[in-house]
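Peer 1: Dropping the structure in here first, questions after.
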Amino acid sequence: MEKKQKRKNINGTVKRDVWFKYVGNKAKAKCFCCRKNEIFFCSGVHNTWQAGHIISHNNGGLAEINNLHPICKQCNNDMNDENWDDYISRHRNLYHSLPFSNDNYYKKYEKGIIWWQSLYRMHLSRI
Numbered sequence: 001m002e003k004k005q006k007r008k009n010i011n012g013t014v015k016r017d018v019w020f021k022y023v024g025n026k027a028k029a030k031c032f033c034c035r036k037n038e039i040f041f042c043s044g045v046h047n048t049w050q051a052g053h054i055i056s057h058n059n060g061g062l063a064e065i066n067n068l069h070p071i072c073k074q075c076n077n078d079m080n081d082e083n084w085d086d087y088i089s090r091h092r093n094l095y096h097s098l099p100f101s102n103d104n105y106y107k108k109y110e111k112g113i114i115w116w117q118s119l120y121r122m123h124l125s126r127i
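Take the sequence shown: its letter number 58 is residue 58 in full-length UniProt numbering, and every next letter is one higher.
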């Protein structure tokens with residue numbers, strides 16, 4: 001039986017670029033997945049945030065800026081090999097019961113994010 005090779009961590013430059021693309025110059029944000037936990041760009045605590053795949057690595061997703069979002073370690077570990085939209089759908093009731101579900105900013109962009117994710121998946125399937 002072959003031993004499964006551990007995959008490499010996401011390049012630090014890519015991870016930094018993910019933060020700046022989605023969060024900008026802010027030092028902290030809410031997790032893009034659960035919108036509950038605070039994540040910090042740089043702090044004394046190691047691994048305050050992780051770059052979570054939209055299309056999981058095991059499903060062919062690449063470690064590229066357009067396939068990653070800044071999320072908390074808890075969500076990334078829980079998501080494991082699941083694609084982003086499958087994970088969100090599975091947790092929809094939990095997430096929509098949280099106070100942030102009334103956040104107009106989130107509601108304004110939620111459909112666009114889901115639409116963009118489906119377009120990206122379609123693009124990946126054609127490559």
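By construction, the Cβ of each residue, glycine as well, lies at the ideal position given by its N, Cα and C atoms.
Predicted model only: the values in this text are computed from it and were never measured.
Check each candidate in PRO70, PHE32, ARG35 and name the one with the smallest Cα separation from GLY12.
Peer 2: Comparing Cα positions, the closest option is PRO70.
Peer 1: In this structure, does DSSP put ILE71 in helix, strand or coil?
Peer 2: The answer is strand: DSSP assigns ILE71 an E or B state.
Peer 1: Rank ARG90, ASN76, SER118 by C-alpha distance to the C-alpha of ASN37 and give the top, closest one.
Peer 2: When each option's Cα is compared against that of ASN37, the closest is ASN76.
Peer 1: I'd like to confirm the pairing. Which residues does DSSP put opposite GLY61 in its beta bridges?
Peer 2: Paired residue(s): none; GLY61 is not in a bridge.
Peer 1: With H, G and I counted as helix, E and B as strand and the rest as coil, what does DSSP make of ILE54?
Peer 2: Here ILE54 sits in coil by DSSP.
Peer 1: I need the straight-line Cα distance from ALA29 to GLU64, nearest angstrom please.
Peer 2: If you take the alpha carbons of ALA29 and GLU64, they lie about 21 Å apart.
Peer 1: For PHE32, which of SER118, ARG126, LEU119, GLN74 has the nearest alpha-carbon?
Peer 2: Among SER118, ARG126, LEU119, GLN74, the Cα nearest to that of PHE32 is on GLN74.
Peer 1: What residues match up with residue 141 in a beta bridge as DSSP calls it?
Peer 2: The structure shown has nothing for residue 141, since the chain only spans 1 to 127.
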